[in-house]
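Written below as structure tokens is the structure these notes are about.
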Amino acid sequence: MASSTTTTAMKIGIIGGTGLDDPEILEGRTEKYMDTPFSKPFDALILGKIKSVDCILLARHGRQHTILPSKVNYQATIWALKEEGCTHVIGTTACGSLREEIQPGDIVIIDQFIDGTTMRPQPLQGVSGSHHWRCSNNA
């Protein structure tokens with residue numbers, strides 16, 4: 001008996017921080033502005049592909065880098081990426097390290113993060129039907 005599996009096409013949302021918000025990384029770019037229950041993200045969603053994978057890039061601080069960290073509307077950002085069908089989200093950041101072996105340009109996957117931007121709303125709560133979205137098919 002043949003098993004029936006359903007696969008969902010991957011679409012990656014990239015919240016680009018300093019250095020990884022260049023739309024030139026995407027092939028076939030188009031821009032889309034949208035509104036969410038949390039207002040508008042600070043810039044357009046840039047839709048395109050990296051290799052053959054659908055991706056959406058959103059500059060965290062705006063393309064002109066004018067939005068302060070405590071003013072970034074993360075709720076609108078995540079809502080917009082989910083609304084556009086992102087199955088995965090990669091949030092990038094540019095920061096230093098206290099470890100000498102980690103050099104500028106290295107890619108590090110962190111397991112601890114201190115968020116000092118306490119002046120903004122934290123959860124994706126408060127909107128009818130909002131909840132935590134599972135970003136992985138793993139249980």
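In full-length UniProt numbering, the protein residues as written are 1 to 139.
Virtual Cβ for every residue (Gly too), placed ideally from N, Cα, C.
None of these values were measured; they are calculated from a predicted model.
Among residues of its own chain, excluding the 5 on either side of residue i, which ones have a beta-carbon nearer than 7 Å to its beta-carbon?
i	result
LYS32	ALA44, LEU45 and LEU47
Taking 8 Å as the cut-off, decide whether the C-beta atoms of residue i and residue j are in contact.
i	j	result
LEU76	LYS40	Checking the sequence, you will find Ala at residue 76 rather than Leu. Contact: yes.
LEU81	GLY16	no
ILE107	CYS55	no
GLU24	LYS49	no
HIS61	VAL72	yes
Beta-carbon within less than 8 Å of residue i's beta-carbon, same chain only, minus the 5 sequence neighbours each way: which residues are those?
i	result
GLU83	MET34 and THR36
GLU100	none
Run the CB neighbour count on residue i, radius 10 Å, all protein chains shown included, and call it buried at 16 or more, exposed below.
i	result
ALA59	buried
VAL53	exposed
ILE109	exposed
ILE78	buried
By Cβ distance, which residues of its chain are closer than 6 Å to residue i, with the 5 residues on each side in sequence left out?
i	result
ARG63	ASP43
Looking at residue i and the ligand COA, is the gap between the Cβ and the nearest heavy atom below 7 Å?
i	result
THR36	Here there are no bound small molecules, and the ligand COA is not part of this structure.
Could you round the C-beta distance between residue i and residue j to whole angstroms and report it? I think they count as a contact, below 8 Å.
i	j	result
GLY96	LYS11	With 8 Å as the limit, GLY96 and LYS11 do not qualify as a contact, their Cβ atoms being about 32 Å apart.
Exercise for the section: Please list the segments of the alpha helix (DSSP H) lying wholly inside the UniProt domain "Nucleoside phosphorylase" (11-121), counting only runs of 4 or more residues, in order along the chain. Expected result: 74-83
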